[in-house]
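**Student:** So for the sequence shown, UniProt numbering puts the first residue at 1; every next one is plus one. We treat Cβ as the ideally placed atom computed from N, Cα and C, and that holds for glycine. Okay, here's the structure, questions in a sec.
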Amino acid sequence: MHQHHVRPDGLPPVNGYSHAVTFGGRMVAVSGQVPLDAAGNLVGEGDAAAQTRQVFDNLTTALAAAGATMADVVRLTIYLTDLADLPAFRRVRDEYLSPDAPPASSLVQVSGLVHPAFRVEVDALAAI
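Here it is as structure tokens:
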């Protein structure tokens, strides 16, 4: 069972993440997912929302292969090449995660990802 500490007393407001998550169970680590479809094609060139949706679809697929779902995610690390993409990222992320039990998260702006057209990459840690 997971316990989400969204905003403990004394910590600042959050936007779609928990300050801390406690959990037990089998751990599932998902490598950074990028906006490539099953055929290896880039999805959404120049479109942060389309790329984010593909990344979360890939996360969902990888988690399912390990017997997990997005509800089992306890931590995300998000890499964006442009912080102007953050509102689009948040809108799509919120389609995949429960607002009542968001994972702990870190967001990092990076100068680039493995492919110059990638705008977003996300890795995950889940507990089942």
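1) Rounded to whole angstroms, what's the CA-CA distance from F56 to G10? Just pull it up for me.
2) Give the secondary structure of M22 by DSSP, where H, G and I count as helix, E and B as strand, and everything else as coil.
3) Compare the C-alpha of Y17 against each of G25, L36, L125 and H4 and name the closest.
4) Buried or exposed: which applies to R52, given that a residue is buried once 16 or more other Cβ atoms fall within 10 Å of its Cβ?
5) Go ahead and label M70 buried or exposed: buried means 16 or more other beta carbons lie within 10 angstroms of its beta carbon, across all protein chains shown.
6) Taking contact to mean 3 or more Cβ pairs, one atom from each stretch, closer than 8 angstroms, check whether the segment 89 to 108 and the segment 59 to 73 are in contact.
7) Examine the Cβ distances between the segment 102 to 116 and the segment 74 to 88 and report whether three or more of them are shorter than 8 angstroms.
8) Ignore the nearest five residues each way along the sequence and tell me which others in A48's own chain have a CB closer than 7 angstroms to its CB.
9) Smallest Cα separation from V92: which of Q54, L107 and N41?
10) Is DSSP giving T61 helix, strand or coil here?
11) Can you give me the start and stop residues for the alpha helix (DSSP H) that V92 sits inside?
**Tutor:** With the given structure in hand:
1) 31 angstroms
2) Note that residue 22 is Thr in the sequence shown here, rather than Met. Looking at T22 - three-state DSSP - the assignment turns out to be strand.
3) H4
4) The residue you asked about is not Arg; residue 52 is Thr in the sequence shown. Of the residues assessed, T52 falls on the buried side of the cut-off, its CB having 16 or more other CB atoms within 10 angstroms.
5) buried
6) yes
7) Counting C-beta pairs with one atom in each stretch, the segment 102 to 116 and the segment 74 to 88 have three or more that are closer than 8 angstroms, which means they touch.
8) D85, A88, F89, R119 and V120
9) Of Q54, L107 and N41, the residue nearest in Cα terms is Q54.
10) helix
11) Element bounds for V92: L86 to Y96.
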